[in-house]
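For what it's worth, the UniProt record's numbering labels the leading residue of the sequence shown as 1, then goes sequentially.
The structure under discussion appears below in the form of structure tokens.
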Amino acid sequence: MATKVAQKREYLAMQKSPPPFIWACPEEKNILDWHFIIRGPPDTPYAGGEYHGLIWFPSDYPFKPPDVKMFTPSGRFETGHKICMSMTSYHPSTWNAAWSVATILTGLLSFMLSDEITAGAVRTTDEQKKLLAKQSHGFNISNKKFRDIFPTYAGPEMTDLPDMGKSYPAPPASKVVNPSSTLSLPTSNASSKTSTLDPENTIAGSSSSLPSEANTDSSSPSTTIPTPLLTPAPTDPNSSPSTANLASEGKQQILHPRQPQQGPPAHAARWMPSWRWVIAVVVVAVLGRLSSFAGL
Numbered sequence: 001m002a003t004k005v006a007q008k009r010e011y012l013a014m015q016k017s018p019p020p021f022i023w024a025c026p027e028e029k030n031i032l033d034w035h036f037i038i039r040g041p042p043d044t045p046y047a048g049g050e051y052h053g054l055i056w057f058p059s060d061y062p063f064k065p066p067d068v069k070m071f072t073p074s075g076r077f078e079t080g081h082k083i084c085m086s087m088t089s090y091h092p093s094t095w096n097a098a099w100s101v102a103t104i105l106t107g108l109l110s111f112m113l114s115d116e117i118t119a120g121a122v123r124t125t126d127e128q129k130k131l132l133a134k135q136s137h138g139f140n141i142s143n144k145k146f147r148d149i150f151p152t153y154a155g156p157e158m159t160d161l162p163d164m165g166k167s168y169p170a171p172p173a174s175k176v177v178n179p180s181s182t183l184s185l186p187t188s189n190a191s192s193k194t195s196t197l198d199p200e201n202t203i204a205g206s207s208s209s210l211p212s213e214a215n216t217d218s219s220s221p222s223t224t225i226p227t228p229l230l231t232p233a234p235t236d237p238n239s240s241p242s243t244a245n246l247a248s249e250g251k252q253q254i255l256h257p258r259q260p261q262q263g264p265p266a267h268a269a270r271w272m273p274s275w276r277w278v279i280a281v282v283v284v285a286v287l288g289r290l291s292s293f294a295g296l
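Now the structure itself:
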């Protein structure tokens, strides 16, 4: 019972997320026998090759390890012989019940790309492996078992597996603006002035770019940005004075600000009380003299 549940779980996992360069499925009449296809990864002697093999599980799987063998000549394994790996019955003490079909086949592919010699392995040159890779698909489609198990992949030309190890494209790198490109700045007389920007601080795609504040040393040419004109707020056209007059008056105030009214000089303000006392003394003296004349 555990085997049927485990095999169903394995099948669903393989259908949903197969490993790169690998595909496998069980036989309809015997779910303990899993046939697989391994495609040779690029930049290896097996590139362009297609290798058919078999995993057969014991009745008490997943508590005991399976066995693996290859049918397609590859120059790496003997055909029809069990392959000695840590995930097979050759090493039951190292078996892990959590390992799956995908784990076993990924380990087999890794072992295939190595040079280690064990039971079921052979040693050949890279040229021999490349020649066998070219002949592999023709060998497979001549095998009735392969055509029955993998009708989708039994055509005259090899068909890609669901996952051929294609990497996702890298995000496009940011482009730097050409050093000769310039940025137009507004001026008060509607003419355009240009300021050359540092290409290391200007990134293409932005609506506006300014030089980095870090580049403010005396050796860099300075760029003068004109001050924009101040426009007075709009007013009611029926009010007096008119909007045009307000704008003209506001501009005149900006260009020719009114000077503050000057008061009396500081020294005059300081001596004013003294003159008042002198006048008062003179008046008192005159009145005293007039009083003396009146008494006579």
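Don't be surprised by glycine CBs; every beta carbon is placed ideally from N, CA and C.
| Check | Outcome |
| --- | --- |
| Alpha carbons only, please: which of Ile31, Ser74, Pro41 is nearest the one belonging to Gly165? | Pro41 |
| Return the Cβ separation of Tyr90 and Ala119 in integer angstroms, given the expectation that the two are a contact with Cβ distance under 8 Å. | 7 Å |
| Could you tell me the distance, in whole angstroms, from the CA atom of Glu10 to the CA atom of Asp33? | 12 Å |
| If you compare alpha carbons, which of Ile31, Gly48, Val68 is closest to Ala121? | Val68 |
| Helix, strand or coil: which one does DSSP assign to Ser174? | Note that Ser174 has pLDDT 35, beneath the 50 cutoff, so the model's placement of it is unreliable and no number is given. |
| Going by DSSP, what residue range makes up the alpha helix (DSSP H) through Met70? | First-last for Met70: 67 to 70, but that is the beta strand (DSSP E), not the alpha helix (DSSP H). |
| Out of Lys130, Thr103, Thr44, which one is the CA nearest neighbour of Ser114? | Thr44 |
| Relative to the C-alpha of Ser86, which residue among Arg76, Pro73, Thr103, Thr79 is closest? | Thr103 |
| Tell me which same chain residues have a C-beta within less than 7 Å of the C-beta of Met158, skipping the five on either side of it? | Glu50, His137 |
| Where do the ends of the alpha helix (DSSP H) carrying Arg147 lie? | 144 to 149 |
| Assign Ala285 to buried or exposed, taking buried as 16 or more other Cβ atoms, counted over all protein chains shown, within 10 Å of its Cβ. | exposed |
| Are Met112 and Ile22 close, meaning C-beta to C-beta below 9 Å? | no |
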